[in-house]
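Following my numbering, the numbering of the sequence shown begins with -8 at its first residue and continues without gaps.
For reference, the structure is listed below as structure tokens.
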Amino acid sequence: MQDKQQEFLELLKQVREEKDIDQIAELFLSVTNMYGLTVDEVCALSFYMVDATLSASHNKAFITQHFNIDVDRLGVDGKLAIVKAMLAVYMDKINGKA
-8 MQDKQQEFLE LLKQVREEKD IDQIAELFLS VTNMYGLTVD EVCALSFYMV
42 DATLSASHNK AFITQHFNID VDRLGVDGKL AIVKAMLAVY MDKINGKA
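Quick look at the structure:
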């Protein structure tokens, strides 16, 4: 059991260092499959992660400073609009446009 935990911790360390989005997504997908999550549960989990990340002080400060948006006052639609904008930015980045 100890060896399996150590292997898992090493994998997480490697994922963190490489910051390979595909590898992170595969890790999340394996957890999703392991727990048998449904689409609505995955959506709720994804929104929870976005909400928590937006609420982190460094992200709040960035969004306030660059976009003059108060994250604490955003509803679901506002947070989803930020998700859509960040996806567009990320896609530009991986396609070499940023």
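Idealized CB from N, CA, C, for every residue including glycine.
All of these numbers come straight from a predicted model, not from anything done at the bench.
Between which two residues does the alpha helix (DSSP H) carrying residue i extend?
i	result
ASN24	12 to 26
LEU65	Unbroken run through LEU65: none, as it is neither H nor E.
ALA52	48 to 58
LYS(-5)	-7 to 9
Near residue i, which residues of its chain fall below 8 Å by C-beta distance, leaving aside the five closest residues on each side in sequence?
i	result
VAL6	GLN14, ILE15 and LEU18
Short of 7 Å in beta carbon distance, which residues of its chain neighbour residue i, apart from the five on each side in sequence? Order them along the chain.
i	result
ASN50	THR44
PHE(-1)	none
LYS70	VAL41, ASP42 and LEU45
Relative to the alpha-carbon of residue i, which residue among the options has its alpha-carbon at the smallest distance?
i	options	result
LYS84	ILE12, GLN(-7), PHE(-1) and GLU(-2)	ILE12
LEU78	VAL41, LYS(-5), MET25 and ALA35	VAL41
PHE58	ASP68, ALA76 and VAL67	ALA76
Pull up the distance between the alpha-carbon of residue i and that of residue j, whole angstroms please.
i	j	result
THR55	GLN(-7)	44 Å
LEU20	SER37	12 Å
THR23	ASP31	12 Å
ASP63	ALA35	19 Å
LYS10	GLN(-3)	20 Å
ASP61	LYS4	33 Å
TYR39	MET25	19 Å
LEU68	SER46	The sequence as given places Asp at residue 68; Leu does not occur at that position. Cα to Cα, the separation comes out at about 16 Å.
GLU8	GLY66	33 Å
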